[in-house]
Each structure stands twice: as C-alpha cells, then as structure tokens.
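Protein chains in written order, with UniProt numbering: chain A, 1 to 336; chain B, 1 to 565. Positions of the beta carbon are idealized from the N, C-alpha and C atoms, including for glycine. All figures in this text were calculated on a predicted structure; none of them were measured in a lab.
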C-alpha cells in the first residue's frame, strides 16, 4: 500500500475518532459502574433498542463465557429493558434519544465507549441477537481464548455472522423472555457464502446465507455483509468503520490467512429470525434508521408478510462449534 | 540412591508455581527457585513468604530473563550451582518452569531414573539435521551476533542480521564444540552438570553463547555432548511448539490426553486450568513403570500446526482466503465437466450417474437457473439455483459446491449457452476433469425448428464462445485434465471415448461399459453443416463431418443403440 493511501486511511481513522468524541454528548448516563472495571477484565459493548425480551438470556450467555463488564447504549427503548439493565450489578448503561442513523448506525457511540473504557482490554462488540461461539467454547472460558491470542500476538479475532432460523414460519413459535433462542432458531445455511476481498480496508467481504437466498435474489450485491471482527484487544486509537465489519488501522482486518493456512476464528450465531422480527421489521421500516435506506427491512417485510419459511431441505441443524468447524465455517487454526 | 533436585524458573502465575513447588517438596525433592527480575518486588516477597514453611526450598539471585537472551542461561547456571553445592545427596537436576505441571508422582520419576543410571535426558540435535527453527535462523544463530532484542527491537534485530549477511560477518565457534539445540527443559546427572559448570574453558563458552540467538536452547544442549557418557536425546518434559515457536498450552479438556501420555512433566499449562492442577497435584495414585508416550498429543499438535500453515484444501472462509497459487488445491475434490455430451446423447445424465455412481447435474451455469440434479431448487449447503446469486460470484459457487459435497463426485454439463465466467477457473483447476465434444452445440440447432437465418447467427455466436473457451482449455495455464474431441472424431468411436472418461471417474477399468447412452439421430446433420457453410458461416469446431448424400425419400432404418460386444 502506498504512502498516500495509508495517509488517507489515517486521516479517515482520525475523523471517526473525532466524530466519536463529538457524539459522546448524545449519551446520557443511566447507570455508571465503570469504576468496577479491573485491569484485565473482558468487556462487552452493545447498542440496542427495545430488546428487553432478549436481555436475560443475552446477559447470562456472556456472563457464562466470562465477560466481566457490560457497556450498553440504549437507543430510546420503551419496553423496560433499560431499567432492567440498570439494575444489573455488572452493567453500565447509557441512554440516547438521538438518531441511530446519524451516529452511523450506532458506531460513533460504540467507538466513544471503546475509546473511553476499553483501552488495553479485550472487548466484544456484539448486538443483542448475536451469540459468540469460538473454538473450544464448551470447555474453555473466553479468558483462555484471549490469553492465547495475547500469547500469539494476535489483536483481533474474526467471527462470521451466521443467520439462524427456525423450521417453519418464523412467527410459528413465540420467543419467551429468558429462553434460549437457539432452541427455536436452530437451523442454518452451511455452504452458500460468497467471499471477496475489500482492497481499501483489507478485510474480506462475505455475503450469502438465507437472507441472500430468500430476500436478495434480484440484487445479490445488496445482501448484508456477514464478515465481523467482534473481539479486539482495544487501543484508544482504533476505530470501527462500518458496524463491526471492519476497523482501522487496517491491519486489524487481516484476520484471514493468505498463504493457504487457516487462522483461528469463531462464529456469531445471529438469532434475529424469531417471531419478534415481524413487529420489529415494520417498526424499523417506519423509523427509517437502518443501513442502505433500510433496504434490508424492506426486503424482510416484503418477504415476511406471507410468512416465508427460510428453512429448506438442505438446511443444517445446529449442534455445536465442532460441527461449524468441520463444515468449514470457522476454524481452530493452530489452537489445540 | 536417586534424588532429584528441581531448578524452577518462574516468571508468571506465582500461585501455580507455589502449588507445584509443594508437590515436588512432598516427593522429597529440594527445589531451587529462580524468579525473573521483572517480577515486582512486593509480588516476589509475597511469593517467597508463601513457601517459607518449606525448608528445602531456596531462592537464587534474580536475573532478567528476556526470551531468547542469555539471562535465562545465567539464571539456570547459578541456580544449578547452588543446588549442587547445598544438596550433596542430589543425583539429578531437573530443570522446570513455573508453568510446568508434574503428571506423575516423584517416586515414579525416581524409579525411572534409577533404572537408567548415568543417563542424561536432554534433547540435543545438530542444526543441520532438524527443521525446527522458526524465522529462517538455524545455523546462523551460532555464527552471528545478536545484541538486539527480538521482542523489543525487531527492526534493529532484523537489520543487524541482514547487515551481517551482506558483509558476510561470521563468528568463530569455539574449538571443540559442535552446536546442538533442543528443548530448554532437561534432566542431567550431577556428574554431567557439574562437569559443564566447572569446565576450565567455561568463560570462553559463556562469552560465545552470550551472543548466540536463543542460548537457552543451545548452551547445555551443546556442552552436554562434551561430558555426558550417555545422552538420551529427548526431554522428560512434554512440551510442544507451534509454528511461531511458542509452546502449545494445555487446558482442562486435555486431561485424558495428558493422563494417558505417561509423561513426567507437561508444559505449558494455562494458569486457570483448575481441573488439571487439582487432578495431577492431588492424587497419590498407583505407581506405574510406563515409558512416556506422548504420541497422541504429538499428533494433535502436529495437526494444529498443519491446519495453521496449510489449511484444508479447497476451503474458502472468513479466516482462510488464499492468494492465487497458494490455495493448496483450488477446490477440495475432483469433479467432472461434460461439454456437448447431453446435446449428442438423449439420456446422458441418467446414463452417466448409473455408470459412475456420481452426482450428475444439468447445466449448472445455464442462463435461467442452476440445473441441480433432480431439478432441485437448492442443493447441499443450501446453495440456491437462482442464476443471479450464482453469477454474483460464480467462483464461490463452484468452490462451495465441491466443498459442500465432499465425498461425492460432482459432474455437470457445460456449453457455450452457459455463463462463461468460470471458464478460466475450471481450466486452471487440477481437480477438474473436462471432456469436450467440440461443436456438439450445433446438434440442437439442427433439430430445432427455426428460421435458417436465426440458426446461422446463433451458430456463429456459439462457435465464437466455444472457441474462446477452448483457447482457455488449451492455454499453457490450464491444469485440468482435459480431453477434447471434435464431433466428427467422437462419433467415429464414441464408446472408446466414454470408456476412458468413465474409467477416470470410477478409478478402475474392470469391465467394459455394458450399456451405451442413446445417441440422437444425426442423419442430415452433415447437410445442415454444409448449408451453414453455403451461407458463409464455417462451422469448424465439429471437425470434418461427412456430408450425407442428398436426402431422398427412401425409408431409413431407425438407428439401433450402440452395444459393445
């Protein structure tokens, strides 16, 4: 990469950081327990809106993995989720009524919290419907992974978004607060993904899965990106550029091996396709706060009205991380 | 009587080190602890007082132990000297680290060593014979100087190495020694160790090794060759290294593996692996005389290194996206492409799947949809038959198809009607078996009921596309197994050609094909080609197809299917 391009990326990174600092004014403290954060704690940052029903399971899932502190931005929920979060002993909550879209889909807020609280920490940045799976997650806590990454001098860890869906119409089985969403949405597409390299940021651009298969047959290039780098040993000079799909400096995006080997990687099980989506899709369409003119939600509403079944004969039923490893969706790399 | 003294180098996880020290002491081993000078003094004091109730535990003066530098050797030397001086009944010295975990009881170790008197267990191999080193420094680590830290000043380190290479600077290796290297963790007898430490030339050796790269893996490994009556070149400590040269770490889920390995000590243990520490330090257990057998663990770690460096062939995913020519297999398994066969034979798909047992698709790259076998709208891995999705990244499509169906051979039809984007990809893929009957696309044209002017244009278009495709197949870059027949050649001896292709797919040529696919009626086809020629469009890809006699009204026998024997 030429000096000029690397200079421009540097300017861009600065711009996002300045923007993050500016957007901190959007955030109002609801519960600040950040003084509890200890030097080696693993943190989790999330932005959410009206996700109360998912919260109990979400917190339990990540506490069990070994997350020590949650930093959560609540974008004007009115379902009681914010109050629930504020009562948790290991959660700090900020509220904002400002535009999700104007903060680049929450990323400016997230960048601010990361800059302010995550410097020197391993931090997971996920959505409330994303469940992180990594090699040996059934027998080794998250700390084992981050220790290993530290020892291997690896700073960022990739986890592709894997869309999970139920068999049958997605509104057929209601999701109840506290339930494991994977008991309802436990099917996925194992091998219909497309990969391209993004020359500007060095990341891979992965698309496909059930959303491309069902909602984006006419314009596949608009189907959502599935590549994500949610786990990073944060430095206050880093910045997420577009959701958690890519970061700057661009070296953090090189989570893949180019010389034939496999680096270790995980999966984010995306449990979006529950009965709660139908309501949400309509609401989000009205709010027009989502990426690419809410194109995705338009497609859902069109597709979901007649209760589309994402399940097909070749869908795979989720068992565990080893299954995902064998299918080639994630890899143990040289962690054994 | 055999008595092992343990020299323990500690730098992190001090509470775990304390547990292990107690284990050694309980087995009647004196322990000499060296704590890295980088550990804070309050932490050191706390650690020291935590084991102050153990009279046989001593501490040696602290050195700064940076990875790959002399400090580790200096610390080991000094600690060993104290150990030998203060414990006259110690017969062996075992070098261990704070993150080493004893897997078997001390009594078992004593019995084992007593059964092999005067044997030194130390891995020691000459650089020329082993490919262990990481980063390209093997012999050079003994012939260059390394004054800069690899961890902290990587640029200076690398710069100085290349400068020395350029200027051809070489150090002299002291007379009488042959550089050897191996695992840092050893178990030496008093005789050998004291001979090394009291060598009259020790100052010379020390001066030399101070500037050698990673002396902790070569100092004792080299000098032991001077004094040991019997070197058993293996370490009693199970320690495996990955491709970056850092040790693999053991976790709770390795418990059974470690237990069955029968090794005496394992390194390195994750400090939070509670179950491992509880299990191995807690038991008294029965005494076994088993020989260490780390084979299974070796294989697991070797596979991990292989996965990291070579990966799974044909897999493209979030953490493996090889550059061109680094794929180690563009696709993961052989597959077959047939061009012109389904045009020439009426029931080719069925026939082929019967003859080979492979999965036979239609035209996967047809303009309307991917014609999966059995007309399915999705296929293994939930691949969609939607043409737009397929064409969005046709390279991913074919790679995914072959990856998803590992274990079952895929065959599909291809032709000039289809999307040609993958033309070069398949030509360059050694896993592709491509069989072409060139010019066969004209057969459906001949059978169709269309205006001749249209047919002529269509024929010209298809011929141009196929000619380009054949150029790719015949280029110097193509690596696929390619067979090209002109239509005229093929129909002269179709069974022979089919037999070759089928044999290659099934991998055997036991029996001749008993059943042939049904060829379409080609009567009048020669004339059709001649008509095209008469119109100025020369169909040359079919070869020299004989022109039939000008059709008459006489009744013809319907053609019988081909039968071999």
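Query	Result
Entirely enclosed beta strand (DSSP E) segments - the segment 4-47 of chain A, minimum 3 residues	28-31
Interface flag, residue 248 of chain B vs chain A, CB-CB below 9 Å	yes
Secondary structure of residue 538 of chain B, DSSP reduced to three states	coil
Contact with chain B by residue 2 of chain A, beta-carbon distance below 9 Å	no
Touching by the beta-carbon criterion (3+ pairs, under 8 Å), the segment 256-265 of chain A and the segment 314-334 of chain B	yes
Contained alpha helix (DSSP H) runs [length at least 4] in the segment 217-292 of chain A, N- to C-terminal order	276-287
Cβ shell of residue 5 of chain A (< 7 Å), same chain only, five flanking positions each side left out	none
Against chain B: residues of the segment 185-210 of chain A by CB proximity under 9 Å	188, 189, 190, 191, 192, 193, 194, 195, 196, 197, 204, 206, 207, 208, 209, 210
Classification of residue 111 of chain A by the beta-carbon crowding that lies within 10 angstroms, buried from 16 upward	buried
For residue 346 of chain B, the three-state DSSP class (helix, strand or coil)	coil
Contact list for the segment 301-313 of chain B against chain A, Cβ threshold 8 Å	301, 303, 304, 305, 307, 308, 309, 310, 311, 312
DSSP-derived helix/strand/coil call for residue 164 of chain A	coil
Closer than 9 Å at the beta carbon, the chain A residues around residue 380 of chain B	190, 191, 314
Runs of beta strand (DSSP E) lying entirely within the segment 185-268 of chain B, each at least 3 residues, in chain order	187-189, 237-239, 265-267
Close-in-space but distant-in-sequence residues of the same chain around residue 328 of chain A (CB under 6 Å, 5 per side omitted)	none
Proximal chain A residues relative to residue 243 of chain B, where beta-carbon distance stays under 9 Å	261, 334
Contact list for the segment 35-48 of chain A against chain B, Cβ threshold 7 Å	none
Neighbouring residues, chain B, relative to residue 255 of chain A (Cβ below 8 Å)	318, 319
Inter-residue Cα distance where the pair is residue 64 of chain A and residue 142 of chain A	9 Å
Residue 151 of chain B, DSSP secondary structure in three states	coil
Cβ shell of residue 550 of chain B (< 6 Å), same chain only, five flanking positions each side left out	Note that residue 550 of chain B scores 43 on pLDDT, short of 50, meaning its location in the model is unreliable; the coordinates nonetheless yield the value given after this. Counting only Cβ-Cβ distances below 6 Å, and skipping sequence neighbours, we find nothing.
Span of the beta strand (DSSP E) around residue 193 of chain A	193-197
Alpha carbon of residue 124 of chain A to alpha carbon of residue 89 of chain A, nearest angstrom	19 Å
Neighbour flag for residue 64 of chain A against chain B, beta carbons, 9 Å	no
Beta-carbon proximity of residue 87 of chain B to residue 3 of chain B, cut-off 9 Å	yes
Cross-chain neighbours of residue 265 of chain A in chain B, by beta carbon under 8 Å	317, 318, 319
Inter-residue Cα distance where the pair is residue 52 of chain B and residue 188 of chain A	58 Å
Short CB-CB distance (under 9 Å) between residue 498 of chain B and chain A	no
Where residue 178 of chain B falls: helix, strand or coil (DSSP)	coil
Pair within 9 Å by beta-carbon distance, residue 190 of chain B and residue 84 of chain B	yes
Within 7 Å of chain A by C-beta, residues of the segment 268-285 of chain B in sequence order	270, 272
Host beta strand (DSSP E) of residue 519 of chain B (start-end)	It is not in any beta strand (DSSP E) - residue 519 of chain B carries neither H nor E in the DSSP assignment.
Alpha-carbon spacing of residue 225 of chain B relative to residue 45 of chain B, whole angstroms	39 Å
9 Å Cβ cutoff, residue 252 of chain B in contact with chain A	yes
Residue burial classification, residue 552 of chain B (beta-carbon count within 10 angstroms, cutoff 16)	For residue 552 of chain B, the pLDDT reaches just 43, beneath the cut-off of 50, and the residue's location in the model is therefore unreliable, although a value from the coordinates is still provided. Counting Cβ neighbours within 10 Å, residue 552 of chain B comes out exposed, since fewer than 16 surround it.
Interface residues of chain B facing residue 20 of chain A [CB-CB closer than 8 Å]	Chain B residues near residue 20 of chain A: none, gap ~26 Å exceeds 8 Å.
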